[in-house]
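Chains as they are written, first to last, in the numbering used here: chain A, 294 to 407; chain B, 294 to 407.
C-beta atoms are modelled at their ideal positions from N, C-alpha and C, and glycine is treated no differently.
Fair warning: this is a prediction, and the values are worked out from it, not measured in the lab.
Here is the structure we will look at.
Protein chains: 2
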Amino acid sequence: MEFSTIEIEKAATILKLLGDKTRLTMVKMLDTNDYCVCEFVEIFKVSQPAISQHVRKLKDAGLVRETRRSQWVIYSLNKESDVLPFVQSLIDHLPKQDFKLQELEQQGLRISCE
Amino acid sequence: MEFSTIEIEKAATILKLLGDKTRLTMVKMLDTNDYCVCEFVEIFKVSQPAISQHVRKLKDAGLVRETRRSQWVIYSLNKESDVLPFVQSLIDHLPKQDFKLQELEQQGLRISCE
DNA sequence: TACTTATATAATAATTTGCTTATATAATGA
DNA sequence: TCATTATATAAGCAAATTATTATATAAGTA
């Protein structure tokens, strides 16, 4: 076997989670940068509660972590997730989403909370 | 880029399709053997129409092909699907399901339509 | 031809999903 | 303290999903 394997049931759960364009894009974006909720709101053109609900599902699956930095909550990929290798091999097939970050910057909407 | 990429939207559609334990298992099984509907019915403990509906979704996505051999309809992976590389890299992480075939054979339920 | 076996399709019901709006909580700053 | 900004949670609703049962179609066989 080439790779470490993951139980079919667990894999199906992850695939279902990522079988949504918004969440899949979020995970691909988080592969190269951290993002706060308000940035996702700008990018995905849906309501703030909708975004909160998506990131919550990712968090419940252990795929992302959240860190509060003053009034913002920053989301990042959880490098310690046991399913990350599986997820990583999957998102490696997706085109980079860096242009979304650049759009944010051009609109002056990138958060930098230092 | 290491791999050929697949559009995010297309990827999300495939992941949603495979985000179901039954369909994901089917695809993993079809990676090493062809199966007919009645065999899937035995294996998955759901009704025959439920199985037909699952394989239909896989077929609509171009992931499997069907061949009629006398009264049986045999399903196989469509080697020409443009998303097969993506799907393949994903199911490579799943444990082999050969034991299911062996169970079928032990119960005398393996179809051989020659 | 009539019966059996294998499969597909239609109709339907229960559950889940993904959004919305309204509201609560948490941190910041005047 | 009070207002503002960022985020989370709750409630409600429409659409999608996945199973079921009933029925249609297709092939094989007596």
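(Q) So if I threshold CB-CB distances at 7 Å, which residues from the region 339 to 370 of chain A count as touching chain B? (A) Within the region 339 to 370 of chain A, no residue has a Cβ that lies closer than 7 Å to any Cβ of chain B.
**Q.** DSSP-derived helix/strand/coil call for A:Arg362
**A.** Along the first sequence, one-based indexing puts residue 362 of chain A at 69. Reduced to three states, the DSSP call for A:Arg362 is strand.
Q.
Here's a check: name, in chain order, each residue in its chain whose Cβ is nearer than 6 Å to the Cβ of B:Arg403, leaving out the five neighbours to either side.
A. Along the second sequence, read from residue 1 onward, the residue named residue 403 of chain B stands at position 110. Within the same chain, Leu397 come within 6 Å of B:Arg403 by CB-CB distance, once the 5 residues on both sides are set aside.
Q) Is there at least one non-hydrogen atom of the ligand ADP closer than 7 Å to the beta-carbon of A:Arg349? A) Summarising the ligand content, the structure contains no ligands, and the ligand ADP is consequently not present.
Q: Find the residues of chain A that neighbour B:Ile301, judging by a C-beta separation of less than 8 Å, and give them in chain order.
A: Here residue 301 of chain B corresponds to residue number 8 of the second sequence, with the count starting at 1. Among the residues of chain A, those whose CB is under 8 Å from the CB of B:Ile301 are Lys314, Leu317, Thr318, Lys321, Leu387, Pro388 and Gln390, following chain order.
Q) Which bits of chain B does A:Leu383 rub up against, with CB to CB less than 7 Å? A) Looking up residue 383 of chain A in the first sequence gives position 90. Within chain B, the residues near A:Leu383 are Leu383.
Q) So, helix, strand or coil for B:Cys406, using DSSP? A) Position 113 of the second sequence, counting from 1, holds the residue named residue 406 of chain B. Residue confidence for B:Cys406 is low, a pLDDT of 48 falling below 50, so the modelled location carries little weight and cannot support an answer.
Q: At 9 Å on the CB atoms, spell out the chain A contacts of B:Leu377, in chain order.
A: Your numbering for residue 377 of chain B matches position 84 in the second sequence. Think of a sphere of 9 Å around the beta carbon of B:Leu377: no beta carbon from chain A falls inside it, the nearest being about 12 Å out.
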